[in-house]
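Undergrad: I'd like to ask some things about the structure below.
Protein chains in written order, with our numbering: chain C, 1 to 346; chain F, 1001 to 1130; chain H, 2001 to 2298.
Below is the structure:
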């Protein structure tokens, strides 16, 4: 059964692993230089590599591959596993040898899961190793003025492409593909459904699940001229909806923020004089700046602060472990469903 | 070794056809004492018939005392049906050929020859019974 | 004598249609059993139930004394060649044999290789490139080399040309003789079955119409021709299978253990094909007697 699994599976396996090996080699060749550059230029590191197009490209490709590998595994390893046998009618050949259906599926799923997890592992850990200097720089507060290197590893766009998260996603996507194939009985629809659901899950996780995996931290910051980026309201004389306050939390993932009043509760309404805290260009003189400072002082006196809810950089690995755990658990649930579904197939 | 044929359209059942073919072969001295009959496996492999059919035919022949099965070896002829009359076959065949030539010269076609032979044959058989 | 397959009240329903209903069978071992019936009669369903590819809706089925596909031992005792002889198009002939060797503890590799040699098939050829006859022979090889006690084949020769069909049946019969296999073989062509089978099951409209030893069936079914008569006037032990009438003459196909001695009938024996056809068409008439009555001309 192991021989048969490999024989039917070898092209798909080789394609994915070849791509991973290529990525790993590219990362291995350049990782050393990156670490050296970080050691040598520390404070200006991100600026420096921000100017390097090839590093950016490699990084972007690496992130894309890390996200794509689970999707490809789900669609090309998982979806055809059962569906193709049903489409070609070969299930009537292979399920009437001397191996029960359960053992057939268990062997294929087991080997596939191992392959998927290790593929995810290679992608995630290779990217983690290579990106270490970048992550250290971002967590120390550096920024590269607008390139992809600015993104913290906790950022939703980066989270799934590093660490051990790709392991969980690969295992999940694989199980999803197999179940889709068993339910839909046709390879191409199963591939499509798997891809769609995978994308939906990747989008849904940072919105609905990840913020709660580890208790986020709440902190309040004073509203000052440095961090008030804007005011959102309805019209020049209308009510103020929210204050756009930037938080200096390097490497953190900001979940939400709102203005609180002196009692610590969410401010039900923000006073309209807060518009004075913004300095339009024509008022940029000594008098204008004095008015602005008076506004901020008044805010502070009245106890208005900004409460920020965020996941700090230190929560990164806890979040990685828990999210991987969630995805693996869901994957195992899908596996159980696949076995249940298998009994009803003919 | 004898080779079997099966007439799929004959009303005679397959196993009886096999039995008859063996008997005919014995009569015409094409099968002699000590000759081996084809194995069941060979017969079914060439005719695509059920092995039980062949087994049944061989058992009947064994019952008639014509053949004997030797386990592990095969089935062998124990008795011939060719008798003294075998010697007469040659001259009889020649007489028949001459008669056929005469019938054709008289203008009879194949169907008429066959009809003439069959009715005369049957008539003579009934006389024998009576 | 032992039984290879026993079914009691077996039925299978797909959505709203019963593909097989009320099927009760006792199939003896050591025979080549023909399962015959028109397309859609339920043959494939019955065979799929027998090998455990389908679960029954009602009733039970037992194969070689065990439940189908109950475990590796049960699976090893029954070989199956499915309709259209599915094979892996991307795998070579040799790889199919390796599949057989890996998945079957009782695999006889010598038998398999010998057959492939004799067939003259290139072991390195991909199964997708084989002709229909060669694929069927490959599937048969897989079934035989597994060394089962019972080999089940679902319309194995339906899409083969006459030569390939003959060769397949020759090889099948040779395997039966050599390995003492029991065989259940389905077909909608009666002529194939006649040479090869000694036991028959007729399945029409998802029901078993008749089942039994072929010789017994042929000797207990008779064609009666004579003056026009209502089939209901026949004695009770003569079961009318089908009847057709002209204004003066009746032809009845009856089943009777005892010989029919009524002198008003001309009794002739039937060929297997006619017998099966009679069951196939006879089942369409709900009440055969009534149908005959409708045709009475006065």
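By construction, the Cβ of each residue, glycine as well, lies at the ideal position given by its N, Cα and C atoms.
Between the segment 295–304 of chain C and the segment 119–129 of chain C, do at least 3 Cβ pairs fall closer than 8 Å?
TA: With a cut-off of 8 Å, the segment 119–129 of chain C and the segment 295–304 of chain C do not count as touching, because too few Cβ pairs lie within range.
Undergrad: My assumption, with CB atoms under 8 Å, is that residue 2054 of chain H sits in contact with residue 131 of chain C. Please give the rounded CB distance.
TA: The Cβ separation is near 53 Å, so there is no contact.
Undergrad: So the alpha helix (DSSP H) residue 1089 of chain F belongs to, where does it begin and stop?
TA: Here the alpha helix (DSSP H) through residue 1089 of chain F covers 1085–1105.
Undergrad: Have a look at residue 2170 of chain H and residue 2078 of chain H and give me their C-alpha separation to the nearest angstrom.
TA: Going from the Cα of residue 2170 of chain H to the Cα of residue 2078 of chain H covers about 21 Å.
Undergrad: When the Cα of residue 2028 of chain H is compared with those of H:2093, H:2104 and H:2062, which residue comes out closest?
TA: Residue H:2062 is the option with its Cα nearest to residue 2028 of chain H.
Undergrad: If you draw a straight line from the C-alpha of residue 1068 of chain F to the C-alpha of residue 2141 of chain H, how long is it?
TA: Their Cα atoms are separated by approximately 34 Å.
Undergrad: Should residue 1002 of chain F be flagged as near chain H, meaning a C-beta pair shorter than 8 Å?
TA: No, its Cβ sits nowhere closer than 8 Å to a Cβ of chain H.
Undergrad: May I ask you to report which of helix, strand or coil DSSP gives residue 232 of chain C?
TA: Note: residue 232 of chain C maps to strand in three-state DSSP.
Undergrad: Should residue 2207 of chain H be flagged as near chain C, meaning a C-beta pair shorter than 8 Å?
TA: So no, residue 2207 of chain H is outside the interface.
Undergrad: Mind checking if residue 2017 of chain H is an interface residue toward chain F, Cβ cutoff 8 Å exclusive?
TA: Output row for residue 2017 of chain H: interface = no.
Undergrad: Distance cutoff 8 Å, beta carbons only. Does residue 2168 of chain H sit that close to anything in chain C?
TA: Taking Cβ atoms only, chain C never reaches closer than 8 Å to residue 2168 of chain H, which makes this a no.
Undergrad: Give me, in chain order, the residues of the same chain whose beta-carbon lies closer than 6 Å to that of residue 250 of chain C; leave out the 5 immediate sequence neighbours on both sides.
TA: Excluding positions up to five away in sequence, the list reads 139 and 141.
Undergrad: Who pairs with residue 2224 of chain H in a beta bridge, going by DSSP?
TA: Answer is H:2252 and H:2267.
Undergrad: Which residues in the same chain have their Cβ closer than 7 Å to the Cβ of residue 2020 of chain H, if we skip the five residues on either side of it in sequence?
TA: For residue 2020 of chain H, where only same-chain residues beyond five positions count, the Cβ hits under 7 Å are 2010, 2011, 2012, 2042, 2045, 2046 and 2206.
Undergrad: Pick from F:1072, F:1025, F:1111 and F:1012: whose alpha carbon is nearest that of residue 1004 of chain F?
TA: With distances taken between Cα atoms, residue 1004 of chain F lies closest to F:1025.
Undergrad: Closer than 7 Å to a non-hydrogen atom of the ligand SAH - does that hold for the CB of residue 2240 of chain H?
TA: The ligand SAH is absent from the structure shown, which contains no ligands of any kind.
Undergrad: Assuming contact is defined by CB atoms lying nearer than 8 Å, are residue 184 of chain C and residue 2086 of chain H in contact in what I supplied?
TA: Not a contact, by the Cβ cut-off of 8 Å.
Undergrad: With residue 1069 of chain F as the anchor, note down where its beta strand (DSSP E) starts and where it stops.
TA: Counting along the chain, the beta strand (DSSP E) containing residue 1069 of chain F begins and ends at 1067–1070.
Undergrad: Kindly say whether residue 363 of chain C, judged by its beta-carbon, lies nearer than 8 Å to any beta-carbon of chain H.
TA: The question about residue 363 of chain C has no answer here: the residues shown for chain C are numbered 1 through 346.
Undergrad: At a Cβ threshold of 8 Å, is residue 81 of chain C touching chain H?
TA: No, residue 81 of chain C does not count as interfacial toward chain H.
Undergrad: Say whether chain H places a C-beta atom closer than 8 Å to the C-beta of residue 1051 of chain F.
TA: True, the Cβ-Cβ gap to chain H drops below 8 Å.
Undergrad: Step through the CB atoms of chain H and report whether any lies within less than 8 Å of the CB of residue 32 of chain C.
TA: With 8 Å as the cut-off, residue 32 of chain C does not count as an interface residue toward chain H.
Undergrad: Indicate whether at least one CB of chain H lies closer than 8 Å to the CB of residue 1048 of chain F.
TA: At least one chain H Cβ lies under 8 Å of residue 1048 of chain F.
Undergrad: Less than 8 Å separating the beta-carbons of residue 2177 of chain H and residue 1073 of chain F?
TA: For residue 2177 of chain H and residue 1073 of chain F, no; Cβs fall outside 8 Å.
Undergrad: Buried or exposed: where does residue 204 of chain C fall if 16 or more other Cβ atoms within 10 Å of its Cβ makes it buried?
TA: Its Cβ having fewer than 16 others within 10 Å, residue 204 of chain C is exposed.
Undergrad: Tell me the residue span of the beta strand (DSSP E) that contains residue 223 of chain C.
TA: Residue 223 of chain C -> no beta strand (DSSP E), and no H or E assigned at all.
Undergrad: Taking 8 Å as the CB-CB cut-off, is residue 2010 of chain H touching chain F?
TA: Cβ-Cβ to chain F under 8 Å: no for residue 2010 of chain H.
Undergrad: In angstroms, rounded to a whole number, what distance separates the CA positions of residue 208 of chain C and residue 326 of chain C?
TA: Roughly 13 Å separates the two Cα atoms.
Undergrad: Do you know how far the Cα of residue 2216 of chain H is from the Cα of residue 2200 of chain H?
TA: If you take the alpha carbons of residue 2200 of chain H and residue 2216 of chain H, they lie about 10 Å apart.
Undergrad: Under 8 Å between the Cβ atoms of residue 2254 of chain H and residue 2224 of chain H?
TA: For residue 2254 of chain H and residue 2224 of chain H, yes; Cβs fall inside 8 Å.
Undergrad: Between which two residues does the alpha helix (DSSP H) carrying residue 305 of chain C extend?
TA: Looking at the DSSP string, residue 305 of chain C is not in any alpha helix (DSSP H); the run it does join, the beta strand (DSSP E), is 305–311.
Undergrad: In angstroms, rounded to a whole number, what distance separates the CA positions of residue 1117 of chain F and residue 2271 of chain H?
TA: Going from the Cα of residue 1117 of chain F to the Cα of residue 2271 of chain H covers about 29 Å.
Undergrad: At 7 Å on the CB atoms, spell out the chain H contacts of residue 1045 of chain F, in chain order.
TA: Neighbours of residue 1045 of chain F on chain H, chain order: 2170, 2173 and 2174.
Undergrad: Starting from residue 72 of chain C, find everything on chain H with Cβ-Cβ shorter than 7 Å and list it in chain order.
TA: By Cβ distance, chain H contributes nothing, its closest Cβ being about 20 Å from residue 72 of chain C, past 7 Å.
Undergrad: Please list, in chain order, all residues of the same chain as residue 295 of chain C whose beta carbon is under 8 Å from its beta carbon, the five residues on each side excluded.
TA: Around residue 295 of chain C: 273, 274, 276 and 277.
Undergrad: How many Å lie between residue 2287 of chain H and residue 2232 of chain H at the Cα?
TA: Any answer about residue 2287 of chain H is weak, because its pLDDT of 41 lies below 50 and its placement is not dependable; what the coordinates show is given next. In a straight line, the C-alpha of residue 2287 of chain H is about 11 Å away from that of residue 2232 of chain H.
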